[in-house]
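Chemist:
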Amino acid sequence: MGFFMEAISEASEAKVRKWIDQRYKLTFLMVFVPVAYLAFMASPEYAVPTRMSESATLVAIANDDFNGFNKLTQFSKDIQAFQGSRNLTSKYIQKTFKENEIEVYEQNFYNKITKKTGINTFSVIRAYRSVPEEAILVVVQNSKKQTHAVSVALAYALYARTKHYWARDLIFLFVDGREPLTGVKSFLAAYNGESLSMVDFASLETNSGFLIGGICLDISTKLFTHMLVQYVGVNGILPNLDTINSVNRMGGKYGIRTIFRPQEIGGKDKHIRNVENLFRGVFAQAFNELEGLHSILNQYGIHSVTLKPYNSGNRYRQIDIKHTMPQITEGIVRSLNNILERFHQSYFFYLLLSSQHFLSIAFFSPAIGMFLFVLVLHQFSGWLDTKKFVIPGEWICIYMFSGLSYFAHCLLVSDSEVVNNFIKFCHSYGVDEDFHYATIFIATNLMLPVIVTRKIKTHSEHATTRFLHLTIALNVILCTGLLNFSLTLYWCIYICIALLGSKLLKWNNIITRTIFSIVFSPIVFYAATIMVAKEYDYWPNEVAVKQLDQGLDLKNVLIAVYKEGERHLINHVQFNSMNFLVFALFIQPTHLVLTSLLGKEPAVADEQHKKTE
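Residue numbers 7 to 619, in our numbering, belong to the letters of the sequence shown in order.
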């Protein structure tokens, strides 16, 4: 009998055993069934139509009266004359606001990781209709490519200054184009009275109320055909669905089709397009934690999206940004101004299929439930087999090593002196440091299970390890699944594959550990995912795609995976992304634990337990 057998009857144990005996067959099914389930639910028959839950946001769809087109044209000409100079553009912005009696301020910041400085320029239009306890944020990038965005924001700010219906303050933030994400993070940290370990920044000269929502403008083209809406935030945080619905309605008012991925454009079967959009959204939520400037805003609970006019060519009607973007900006800002309370009526957890349909959490969460059921069976297997609760030293060492590895990586990014010295050494010998970094990083992580792990020899330690680690796994999956469904789904698939791999290898020696550490490594799984997703145009990050465009040879694959790892690590240290944290303190230990559990389960020592078995 097991260590916990007094908790259940023999009849109940027999029923549980029947399910437990089928756990590896069910694990195999879990590699495919949840994905097939999501694809099935993406059909138009089951998808939920998008709709406005907050009726107050419909105010701007009725009418708009922006009339600053001449100023917009003049601003664009003046800023283009600066030829991309951020300092001249910043001074021009401040001069324009001061001439129109609008508060304007500066904020300096310094990124310790990249060793770059930047200047944020922001203005505040006060709401005199009520006590300004809340505010709305409009964010644009001060860079050469974003001349049109700066012009639209300036023209709209001067227009908004003349209106008296504002119930909330308007804040216009022009972030430095050299470090736009760091600029937004510095502004919000100063606004909320925080401190950042990797960024030094000046305090703000003025402040306002709670930021209920915002809009980010990313306009790099003069003519466009579609409105690309970016909405994924750090750690998969999404804005309230009514924020996106407002953009959809405003785009529809001007005959502009809203898209969430450029691949949506073109004639395809509706169900196929929904499925493709669904899984592209899953990849974006899981791995593209810094999709745009809005990603930082959503992290602070500021419901926002980035509007990016997209030009798909002459096949579609070309629209001039100056005839539509100011009005769309006005409509969204007025919608945010008109809501009576903070966003609460619509969805916070969803997967978008198109601008007309989405899946709510009630429809996609069963996919995670399937994984939980199978992992509970594996956990019960350890529970029922535990004769004596013994925590093995190997299990403790694995977590100690994973923790030390995590802190070492974070310290390496925080203090770049070692990295810079290595780069100088590589350059002195004409060596590509990216390739050497990638080789060291990949080789070290692939061989860790061979170096660190040891075979767990006794039956009690083997069963206890299975029970303890799967208990931790279930808790981590439950916690991360509520916040970032897509990342959880991805790593659940990996865990199922790794469990199957551990079942296939019947011995635990240096050869089998080497095979398992390479073939079933999470890094190899991640590299294979990037290659397949890139081939079918699903991977959301351009850095890895550009690297693999140079060729699918071993060198480019290693560099692409290394750059992805470096990106996740920097995003974790600087922007509190949990991707690297989950990998270092959960996925990697899972791989190491399964390596220790390779081979046949050790026999039970005492005859009484053998007889019961």
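Built from N, CA and C at the ideal position, the CB exists for glycine as well.
Counting only runs that start and end within the segment 334-376, where is the beta strand (DSSP E) found for 3 or more residues in a row?
Modeler: Counting whole runs of 3 or more residues, the segment 334-376 contains the beta strand (DSSP E) stretches 356-358 and 363-366.
Chemist: So what does DSSP say about Tyr5, is it helix, strand or coil?
Modeler: A query on residue 5 cannot be resolved here, the shown segment of the chain reaching from 7 to 619 and no further.
Chemist: Confirm, please, whether the CB-CB distance from Ile177 to Val311 is below 8 Å.
Modeler: Result no, Cβ atoms of Val311 and Ile177 do not sit closer than 8 Å.
Chemist: In whole angstroms, what is the alpha-carbon distance linking Leu600 and Trp401?
Modeler: In a straight line, the C-alpha of Leu600 is about 10 Å away from that of Trp401.
Chemist: What do you reckon, are the CB atoms on Glu200 and Asn577 nearer than 8 Å?
Modeler: Going by C-beta atoms, Glu200 is not nearer than 8 Å to Asn577.
Chemist: Span of the alpha helix (DSSP H) holding Phe34?
Modeler: It spans Arg29 to Met36 - the alpha helix (DSSP H) in which Phe34 sits, taken as one unbroken run.
Chemist: Tell me whether Ala133 is buried or exposed, calling it buried when 16 or more other Cβ atoms sit within 10 Å of its Cβ.
Modeler: Buried, by the Cβ-count rule.
Chemist: Keeping to the same chain, check which residues put their C-beta closer than 6 Å to that of Gly388; ignore five residues upstream and five downstream.
Modeler: If we look at Gly388 and ignore the five residues flanking it on each side, its Cβ neighbours are Ala469, Arg472 and Phe473.
Chemist: Please classify Trp497 as buried or exposed, where buried requires at least 16 neighbouring CB atoms within 10 angstroms.
Modeler: Trp497 comes out buried.
Chemist: Quick one: what's got a C-beta closer than 6 Å to Met11's C-beta in the same chain, skipping five residues either side?
Modeler: Confidence at Met11 is low in this model, with a pLDDT of 48, below 50, so its placement is unreliable and no value can be given for it.
Chemist: Give the secondary structure of Met233 by DSSP, where H, G and I count as helix, E and B as strand, and everything else as coil.
Modeler: Residue state, collapsed to three classes: strand.
Chemist: Between which two residues does the beta strand (DSSP E) holding Asp206 run?
Modeler: Where Asp206 is concerned, the enclosing beta strand (DSSP E) stretches over Val205 to Phe207.
Chemist: Around the Cβ of Leu162, are there at least 16 other Cβ atoms within 10 angstroms (buried) or fewer (exposed)?
Modeler: Just to set this straight, residue 162 is Tyr in the shown sequence, not Leu. Flag for Tyr162 reads buried.
Chemist: Just tell me which of Tyr260, Phe531, Leu357 and Cys416 has its CA closest to the CA of Gly337.
Modeler: Comparing Cα-Cα distances from Gly337 to each of Tyr260, Phe531, Leu357 and Cys416, the minimum goes to Tyr260.
Chemist: Check Pro315 in the structure and name its three-state DSSP category.
Modeler: Note: Pro315 maps to strand in three-state DSSP.
Chemist: So, under 8 Å CB-CB, Ser240 and Asn304 are touching, yes? Tell me the CB distance rounded to an integer number of Å.
Modeler: A quick correction: the sequence has Val, not Ser, at residue 240. The pair is a contact, with the Cβ atoms about 7 Å apart (cut-off 8 Å).
Chemist: Based on the DSSP secondary-structure assignment, which residues constitute the bridge partners of Ser310?
Modeler: Answer is Gly220.
Chemist: Do you know offhand how far Tyr405's Cα is from Phe522's?
Modeler: So the two alpha carbons sit approximately 19 Å from each other.
Chemist: Enumerate in chain order the residues of its own chain whose CB-to-CB distance from Ala45 is below 7 Å, with the five nearest sequence positions on each side excluded.
Modeler: The residues are Val281.
Chemist: Residue range of the beta strand (DSSP E) that Val145 falls in?
Modeler: Here the beta strand (DSSP E) through Val145 covers Glu140 to Asn148.
Chemist: I'd like to know whether the C-beta atoms of Ala53 and Leu247 end up nearer to each other than 8 Å.
Modeler: Contact: no.
Chemist: Can you list, in chain order, the residues of its chain whose CB lies under 8 Å from that of Val190, leaving out five sequence neighbours each side?
Modeler: Counting only Cβ-Cβ distances below 8 Å, and skipping sequence neighbours, we find Val145, Leu179, Val181, Leu299, Ile302 and Leu303.
Chemist: Do you know how far the Cα of Thr596 is from the Cα of Ile397?
Modeler: For Ile397 and Thr596, the distance between alpha carbons rounds to 16 Å.
Chemist: Among residues of its own chain, excluding the 5 on either side of Gln556, which ones have a beta-carbon nearer than 8 Å to its beta-carbon?
Modeler: These residues qualify, in order along the chain: Asn562.
Chemist: Starting from Gln305 and walking both ways along the alpha helix (DSSP H), at which residues does that stretch end?
Modeler: That run of the alpha helix (DSSP H) goes His300 to Gln305.
Chemist: Just to confirm, are Glu140 and Arg167 a CB contact at a threshold of 8 Å?
Modeler: Not closer than 8 Å, so no.
Chemist: Apart from the five residues on each side of it in sequence, which residues of its chain come closer than 7 Å, Cβ to Cβ, to Glu211?
Modeler: Result list for Glu211: Tyr111, in chain order.
Chemist: Keeping to the same chain, check which residues put their C-beta closer than 8 Å to that of Arg573; ignore five residues upstream and five downstream.
Modeler: Within the same chain, Arg573 has close Cβ partners Asn547 and Val549.
Chemist: Quick check: what's the CA-CA separation for Leu489 versus Trp25?
Modeler: Using only the alpha carbons, I get a separation of about 30 Å.
Chemist: How should Gln553 be labelled, buried or exposed, when 16 other C-beta atoms within 10 angstroms of its C-beta is the threshold for buried?
Modeler: With 16 or more other Cβ atoms within 10 Å, it is buried.
Chemist: Does the count of Cβ pairs from the segment 369-383 and the segment 271-278 closer than 8 Å reach three?
Modeler: With the cut-off at 8 Å, the segment 369-383 and the segment 271-278 do not touch.
Chemist: DSSP three-state label for Gln152, please.
Modeler: Three-state DSSP puts Gln152 in a helix.
Chemist: Within 10 Å of its beta-carbon, does Cys485 have 16 or more other beta-carbons around it, so buried, or fewer, so exposed?
Modeler: That one is exposed.
Chemist: How about Leu493 and Val588: are their beta carbons less than 8 Å apart?
Modeler: Contact: yes.
Chemist: Relative to the C-alpha of Phe407, which candidate in Leu598, Ile503, Val158 and Phe369 has its C-alpha closest?
Modeler: Among Leu598, Ile503, Val158 and Phe369, the Cα nearest to that of Phe407 is on Leu598.
Chemist: Taking its Cβ as the centre, do 16 or more other Cβ atoms sit within 10 Å of Phe216, making it buried, or is it exposed?
Modeler: With fewer than 16 Cβ atoms within 10 Å of its Cβ, Phe216 is classed as exposed.
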